[in-house]
Every structure is written in C-alpha cells, then in structure tokens.
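**Student:** Heads up: the protein sequence lines correspond to chains C and D, in order. Going by my numbering, the first sequence wraps up at 235, each residue one higher than the last. Going by my numbering, the second sequence wraps up at 235, each residue one higher than the last.
Protein chains: 2
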Amino acid sequence: MNSRPIPDATVGRLPIYLRALFDVLGDRGATISSETLARLSGVNAAQLRKDLSYLGTYGTRGVGYDVQYLMVQISRELGLTQDWPVAIIGFGNLGHALLNYKGFAERGFHVVAVFDTLKSKIGEKAGNLLVKHIDELTDVAGSQEIAIAIIATPAPAAQDVADRLVEARITSILNFAPCIINVPPEVSVRKVDLSMELQILSFYEQRTKESPPVNRAIKA
Amino acid sequence: MNSRPIPDATVGRLPIYLRALFDVLGDRGATISSETLARLSGVNAAQLRKDLSYLGTYGTRGVGYDVQYLMVQISRELGLTQDWPVAIIGFGNLGHALLNYKGFAERGFHVVAVFDTLKSKIGEKAGNLLVKHIDELTDVAGSQEIAIAIIATPAPAAQDVADRLVEARITSILNFAPCIINVPPEVSVRKVDLSMELQILSFYEQRTKESPPVNRAIKA
C-alpha cells in the first residue's frame with residue numbers, strides 16, 4: 016500500500032476509473048492510454064495521471080496502462096479485494112431493488128441482513144434471508160461483522176435509523192433517503208442522489224434543443 | 016447563457032455543487048466561501064472556482080458566493096429551471112422505487128409514463144399513471160414530449176429497450192441496468208452504478224481497520 020495519503024477527491028474518482036476499465040475489458044486491447052481512460056471517465060488526462068500516481072502507477076510512455084493490472088490495483092486500493100458484509104435497512108421498493116442489484120456482489124458487497132420496522136415485513140423472505148426487526152440490529156451487526164449499512168427508508172425515518180446504526184457501532188453508512196443525517200465524525204456517510212445523472216442529461220438535452228441538429232429538426 | 020463551452024468534466028460536477036448548496040441552504044449564512052463549498056463537494060477550491068468561472072461566476076473576495084444566486088445559476092445552466100417529462104421503462108422494484116423517488120420532481124424531472132412488457136403489469140396503477148406496454152412507446156413519447164427515459168429493466172432486456180427508445184426519438188437515456196447499451200452518437204446515455212458510493216465507503220472502512228482508532232479497538 017502506498018504511503019502517500021490519497022486525497023478524498025482522488026478516492027471519489029477511483030470507482031469511476033474502475034467502472035470505465037470494466038467497460039472496456041474484453042472489447043479493447045490489454046492496455047489503455049491515459050487519454051482514452053480519461054475520456055471514458057469524464058476527466059482530463061493530466062488529472063487521471065496524477066490520481067493514478069497516488070497508487071504508484073505511472074503507465075508506460077507510448078503504451079499506456081495495463082488494464083488488468085490497473086483494475087487489480089484500484090480494486091485493492093478501494094478495499095474491493097475483500098468481501099464486505101452489508102445490511103439494508105428498509106425493505107420497501109428501494110430495499111428490494113438494492114437487494115436484487117447485481118452490481119453489489121460483483122464488487123464484493125454482500126447483503127447479509129435486511130431490517131425493517133413494519134410488523135408485516137418481519138420474517139418476510141428477502142432472497143436467502145429473512146427480514147429482521149431493527150431492534151435486532153446491534154446483535155446481528157456484531158455477529159455478522161457488518162461494517163457498512165444502507166439506509167433505504169423514507170426520509171422521516173432516516174435519522175432514527177442512523178442513530179441506531181451508530182449505536183450498533185457500524186462505521187460506514189450509505190444513505191439513499193433524500194435528507195441529511197447527522198452522525199459522529201468517526202462514522203463515514205455517503206449520500207446517493209439518484210437525480211444527479213438526470214441533471215447531466217438535462218444539461219445536454221437543453222443544449223440540443225437550443226441548437227437542434229438535423230434529426231431533431233426533422234422530427235419537429 | 017455563457018458563450019464559452021463548459022467542459023464535460025465541469026458539467027459532471029455541477030450537480031454535486033448544487034446538492035451541496037441545497038444541503039447548506041438554511042443552516043448557514045447567505046454566502047459560502049469557495050473553500051467550504053469545495054470541501055462539501057469533495058473537490059479542491061481552485062477546481063471549484065475554475066468550474067464556476069465557466070458560468071461567469073466569480074464570487075466576492077473575502078465573502079464568497081451568494082448561495083441562492085449560485086443555486087439559480089447552476090440550475091439554469093443544467094436546464095433545471097424547466098420541467099422535464101421523463102419515462103420509466105421497467106416497472107419492477109427499481110421502477111417502483113424510482114417512481115416514488117422524491118428527489119426527481121424536486122429537480123424538475125416528472126415521470127409522465129411508465130412502460131413494461133409483462134402482460135400482468137400493463138394497466139397496473141403507477142402513482143397517478145397506468146403502466147403501458149412498451150409497444151406504445153413511440154406514440155406516448157411523441158404526445159408527451161418525452162426527452163429523457165430511464166431504463167430500469169434487468170440487464171438482458173436493456174439493449175432492446177434502448178433500441179426502442181432510439182426509434183421513438185428519445186435523445187437522453189439514464190441506464191440503471193448493469194450493462195453497456197449501444198446507441199447512435201446523437202443520443203446521450205448516462206449509466207448509474209449504485210455500487211460506486213459503496214466503493215468509496217469501503218476505501219475508508221479498510222483504512223480504519225488497518226489503523227484502528229480507540230473506539231474500534233475497544234470494540235474488538
């Protein structure tokens with residue numbers, strides 16, 4: 016592991032690079048230039064090279080980066096070469112969707128417990144699991160060594176759930192509820208805003224409408 | 016509207032700045048320093064100032080940016096000051112969750128149509144809407160002026176759906192299916208990977224475990 020600390024902004028971009036590498040794996044050669052990887056990741060090439068230098072990776076001039084090797088390096092840096100037991104709190108539509116989401120297990124995130132508060136949901140089948148009452152959180156978090164919890168409740172319940180997660184000594188929280196939750200500084204929280212990518216689309220859509228290309232003009 | 020073209024990477028960061036501004040709105044003053052906004056957004060302050068300069072916004076030395084004004088500016092730039100009619104394709108758990116997601120309407124994204132292929136789902140209530148068969152896509156896309164479609168199907172169905180969206184002259188696609196879809200160059204595609212934020216959490220979680228702080232040590 017590299018001794019130079021990796022800036023938060025770089026950490027935030029590593030999953031983007033990793034996804035781009037996964038996407039090109041197979042249909043391109045064994046190497047990728049910093050320019051191509053940067054373009055696929057939506058950053059400039061200088062930024063990419065600087066980010067990867069924190070991992071001790073510099074590529075080969077005129078050749079680029081070895082795709083497989085770079086994937087392993089980024090995965091290791093992100094902690095994806097180990098399995099992470101994950102809990103989902105809230106078994107509504109979003110909780111169901113997240114439980115069935117193929118992309119988690121591919122990256123080492125395994126849902127090992129699902130919690131809710133609704134009596135009607137407790138004991139319901141959730142894949143190979145049974146939905147547990149959130150009162151069991153501390154016990155299960157300890158026995159299953161859960162490090163990461165996903166809040167998939169409505170916004171009004173999110174802070175109470177966060178407080179219970181902190182009590183249960185869970186140190187990483189992914190919050191899908193559209194609200195801010197407060198936790199002690201030693202707990203990491205990331206918030207998912209599902210509308211972020213839509214906003215990027217609307218930027219380009221607006222531009223298209225301002226200067227319509229031929230096919231749009233024909234349509235109108 | 017500014018005449019200097021905004022780089023893609025800057026466009027990608029504008030929703031992050033906007034979210035950070037929404038988060039501070041209310042509990043902070045009317046202005047925000049570039050350092051604070053940069054920290055909340057996970058970028059460095061020089062990057063933030065450069066990004067905002069593309070919007071013709073420079074803040075006031077020693078004061079910072081006016082929060083409300085900056086929100087309006089970014090929103091306008093992203094096309095969020097108008098309403099966007101959106102279609103959801105695939106009414107499984109994810110489709111349900113997206114339909115109920117509060118964060119879309121807040122940003123001007125209104126789901127005006129929901130499609131599926133399963134006979135049992137056609138005609139089912141989806142909020143105020145009824146689920147339609149995907150064969151009706153072209154008609155509905157025209158009459159409802161749908162510009163943006165969200166693919167919420169399983170991966171094997173995603174390419175076929177994308178082909179139908181292109182046929183229906185929809186020019187922006189948000190793909191939640193964990194696979195790559197191919198579309199003509201005039202169509203914009205953004206892919207959502209729900210595991211990206213988990214990867215950032217696992218980075219920090221791994222670091223915590225390598226050098227356990229006091230409270231983790233006590234736990235162990």
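Beta carbons are placed, not taken as given, at the ideal position from N, Cα and C, and that holds for glycine.
Report the three-state DSSP secondary structure of C:Thr243 (helix, strand or coil).
**Tutor:** Outside the modelled stretch of chain C, which goes from 16 to 235, sits residue 243 of chain C, for which no answer is possible.
**Student:** At least one CB of chain D closer than 8 Å to the CB of C:Phe218: is that the case?
**Tutor:** Taking Cβ atoms only, chain D reaches closer than 8 Å to C:Phe218, which makes this a yes.
**Student:** Tell me, to the nearest whole angstrom, how far the beta carbon of C:Ala172 is from that of C:Thr153; I am working on the premise that it is less than 8 Å.
**Tutor:** Rounded, the Cβ-Cβ distance is 18 Å, inconsistent with contact.
**Student:** Buried or exposed, going by whether 16 or more other CB atoms sit within 10 Å of the CB of D:Lys65?
**Tutor:** Burial call: exposed.
**Student:** Should D:Val127 and C:Glu212 be called a contact, given that it needs their Cβ atoms to be closer than 8 Å?
**Tutor:** The answer is no: Cβ separation not under 8 Å.
**Student:** Can you find a CB in chain C that lies within less than 8 Å of the CB of D:Gln221?
**Tutor:** Closer than 8 Å to some Cβ of chain C, the Cβ of D:Gln221 qualifies, so yes.
**Student:** Relative to the C-alpha of D:Glu50, which residue among D:Gly94, D:Pro199 and D:Leu63 is closest?
**Tutor:** If we check each option's Cα against that of D:Glu50, D:Leu63 comes out closest.
**Student:** Buried or exposed for D:Arg76, please, with buried defined as at least 16 other CB atoms from any protein chain shown within 10 angstroms of its CB.
**Tutor:** D:Arg76 should be labelled exposed.
**Student:** Looking at C-beta atoms only, is the number of pairs between the stretch 96 to 113 of chain D and the stretch 124 to 143 of chain D that lie closer than 8 Å three or more?
**Tutor:** These segments touch.
**Student:** Rounded C-beta distance between D:Asp131 and D:Ile149? I'm assuming under 8 Å.
**Tutor:** Going by Cβ atoms, the distance from D:Asp131 to D:Ile149 rounds to 7 Å, so yes, they are a contact pair.
**Student:** Would you report the Cα separation of D:Leu36 and D:Ile137, rounded to the nearest angstrom?
**Tutor:** Whole-angstrom Cα-Cα distance: 40 Å.
**Student:** State buried or exposed for C:Pro30, treating a residue as buried only when at least 16 other CB atoms are found within 10 Å of its CB.
**Tutor:** Buried: at least 16 other Cβ atoms inside 10 Å.
**Student:** Please check if any C-beta of chain C sits within less than 8 Å of the C-beta of D:Pro30.
**Tutor:** Cβ-Cβ to chain C under 8 Å: yes for D:Pro30.
**Student:** Any beta carbon from chain D within less than 8 Å of C:Phe106's own beta carbon?
**Tutor:** Cβ-Cβ to chain D under 8 Å: no for C:Phe106.
**Student:** One question on the structure: do D:Ser217 and C:Gly94 come within less than 8 Å of each other, judged by their Cβ atoms?
**Tutor:** In this structure, C:Gly94 lies closer than 8 Å to D:Ser217 by Cβ.
**Student:** Going straight from the alpha carbon of C:Ile161 to that of D:Gly142, what length do you get?
**Tutor:** Straight-line Cα distance between these residues: approximately 35 Å.
**Student:** Might you give, ordered along the chain, the residues of its own chain that have their beta carbon closer than 6 Å to the beta carbon of D:Lys147, omitting 5 neighbours on each side?
**Tutor:** Closer than 6 Å at the Cβ level, and outside the excluded window around D:Lys147, lie Phe130.
**Student:** Got a sec? Which residues, its chain only, sit under 6 Å from C:Glu92 by beta carbon, not counting five neighbours each side?
**Tutor:** Excluding positions up to five away in sequence, the list reads Leu70.
**Student:** Is there a C-beta anywhere in chain C that falls below 8 Å from the one on D:Asn17?
**Tutor:** Because D:Asn17 carries a pLDDT of 49, less than 50, the predicted location of this residue cannot be relied on, and the following value inherits that uncertainty. Taking Cβ atoms only, chain C never reaches closer than 8 Å to D:Asn17, which makes this a no.
**Student:** Can you find a CB in chain C that lies within less than 8 Å of the CB of D:Gly57?
**Tutor:** So yes, D:Gly57 belongs to the interface.
**Student:** Smallest Cα separation from D:Phe253: which of D:Leu180, D:Pro193 and D:Leu133?
**Tutor:** Because chain D spans 16 through 235 in this model, residue 253 of chain D falls outside it and cannot be assessed.
**Student:** Who are the Cβ neighbours of D:Leu109 in its own chain at under 7 Å, not counting the five residues just before and after it?
**Tutor:** So the list reads Ala167 and Phe191, once near-sequence residues are dropped.
**Student:** Quickly, what does DSSP pair D:Asn190 with across the bridge? List them, please.
**Tutor:** Looking at the DSSP assignment, D:Asn190 forms a beta bridge with D:Ile166 and D:Lys206.
**Student:** From D:Thr223 to C:Thr186, what does the alpha carbon distance come to, in whole angstroms?
**Tutor:** Going by the C-alpha atoms only, they are around 9 Å apart.
**Student:** For C:Val58, which three-state DSSP category applies?
**Tutor:** Of the three classes helix, strand and coil, the one that applies to C:Val58 here is coil, per DSSP.
**Student:** What would DSSP say about D:Tyr116, mapped onto helix, strand or coil?
**Tutor:** Coil, per DSSP.
**Student:** Using the beta-carbon count (16 or more within 10 Å), is D:Ala156 buried or exposed?
**Tutor:** Buried, by the Cβ-count rule.
**Student:** Closest Cβ-Cβ distance between C:Gly207 and chain D: below 8 Å?
**Tutor:** It should be noted that the sequence gives Val, not Gly, for residue 207 of chain C. It does; some Cβ of chain D falls within 8 Å.
**Student:** So with CB distances below 7 Å, who are the chain C contacts of D:Pro26?
**Tutor:** The sequence given here has Val at residue 26 of chain D, not Pro. By Cβ distance, chain C contributes Ile215 and Phe218.
**Student:** Is it buried or exposed, C:Glu220, if we count other Cβ atoms within 10 angstroms and call 16 or more buried?
**Tutor:** That one is buried.
**Student:** Interface residues of chain C around D:Ile137 at Cβ under 7 Å?
**Tutor:** None at all; the shortest Cβ gap to chain C is about 19 Å.
**Student:** Go ahead and label C:Val87 buried or exposed: buried means 16 or more other beta carbons lie within 10 angstroms of its beta carbon, across all protein chains shown.
**Tutor:** With fewer than 16 other Cβ atoms within 10 Å, it is exposed.
**Student:** Chain D partners of C:Leu189, CB-CB under 8 Å?
**Tutor:** Under the 8 Å cutoff, chain D gives Glu212, Leu213 and Leu216.
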